[in-house]
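Structure, as structure tokens:
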Amino acid sequence: FRNLLRAGDKLIKFEGILSGSMSYIFGKLDEGMSLSEAVTKAKEKGFTEPDPRDDLSGMDIARKVLIIAREAGLNLELENVNVESLLTDDLNACETTDEFMQKLPSLDESINQLTQDAAQDNCVLRYIGIVDGESCSVKIVKVSVDSALYAVKDGENAISFYSQYYQPIPMVLRGYGAGANVTAAGIFADVMKILPAKSSFI
Numbered sequence: 003f004r005n006l007l008r009a010g011d012k013l014i015k016f017e018g019i020l021s022g023s024m025s026y027i028f029g030k031l032d033e034g035m036s037l038s039e040a041v042t043k044a045k046e047k048g049f050t051e052p053d054p055r056d057d058l059s060g061m062d063i064a065r066k067v068l069i070i071a072r073e074a075g076l077n078l079e080l081e082n083v084n085v086e087s088l089l090t091d092d093l094n095a096c097e098t099t100d101e102f103m104q105k106l107p108s109l110d111e112s113i114n115q116l117t118q119d120a121a122q123d124n125c126v127l128r129y130i131g132i133v134d135g136e137s138c139s140v141k142i143v144k145v146s147v148d149s150a151l152y153a154v155k156d157g158e159n160a161i162s163f164y165s166q167y168y169q170p171i172p173m174v175l176r177g178y179g180a181g182a183n184v185t186a187a188g189i190f191a192d193v194m195k196i197l198p199a200k201s202s203f204i
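So the number in my numbering is just where the residue sits in the sequence shown, counting from 1, plus 2.
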């Protein structure tokens with residue numbers, strides 16, 4: 003892909019599932035599990051941070067989005083990433099992880115409604131990091147069956163690169179990003195190889 007960029011291709015956008023823990027959690031939502039149950043199971047498996055708020059806040063993904071955006075030549079700071087956190091002020095205010103886990107079911111109804119709405123449109127929910135032009139965001143997205151991110155779950159990470167040559171079908175990197183024997187480092191190493199230090203966005 004680097005050779006394509008050098009040959010005149012232009013990177014338009016990338017979007018990705020950049021957290022193995024959130025991949026696992028949202029995959030469980032597909033199966034009808036509540037958010038609180040999915041987070042509990044992910045925590046038991048060691049997929050989340052010790053305090054799952056570090057995952058659900060979206061800031062971990064935001065930092066990864068920022069790294070990739072900078073590698074693509076964008077001059078951005080963390081505050082330039084628009085983050086849609088799953089957490090309410092009440093959950094953020096919990097003093098302990100145990101208190102947070104006890105209050106987490108307060109999100110179940112709203113997330114379940116979003117999941118059902120997506121299913122009615124033959125879509126699934128995914129928590130995605132996006133760089134589009136000079137705009138960076140982390141948010142819940144309804145993903146259709148024709149998206150490369152539709153089937154990404156169970157702790158997998160995936161990134162779709164769209165360019166002048168790779169559209170409407172993007173170049174996709176995909177691999178496991180959660181679990182005792184694997185981390186997100188592998189996929190980000192591949193990203194760093196693909197993106198030159200100074201590539202330009204349309």
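We put the CB at the ideal spot given by N, CA and C, even for glycine.
Query	Result
Closest by C-alpha distance to A121, when choosing among I130, D134, M173 and V143	V143
Cβ-Cβ distance between D110 and L58 below 7 Å	no
Nearest-angstrom beta carbon gap, V140 and V126 [assumed within contact, 8 Å]	Contact flag wrong, Cβ pair sits at about 17 Å.
Given D11 as reference, the closest of R176, Y178 and F163 once Cα atoms are compared	F163
L76 versus P107, D100 and V133, residue with shortest Cα-Cα distance	V133
Stretch-stretch touch, CB-based, cutoff 8 Å, three pairs: the stretch 13–26 with the stretch 146–158	yes
Cβ-based neighbour list, K30, same chain, cut-off 7 Å, excluding 5 preceding and 5 following	A40 and K43
Reduced DSSP category for M24 - H, G, I as helix; E, B as strand; rest coil	helix
Cross-strand partners of F163 (DSSP beta bridge)	F16 and M173
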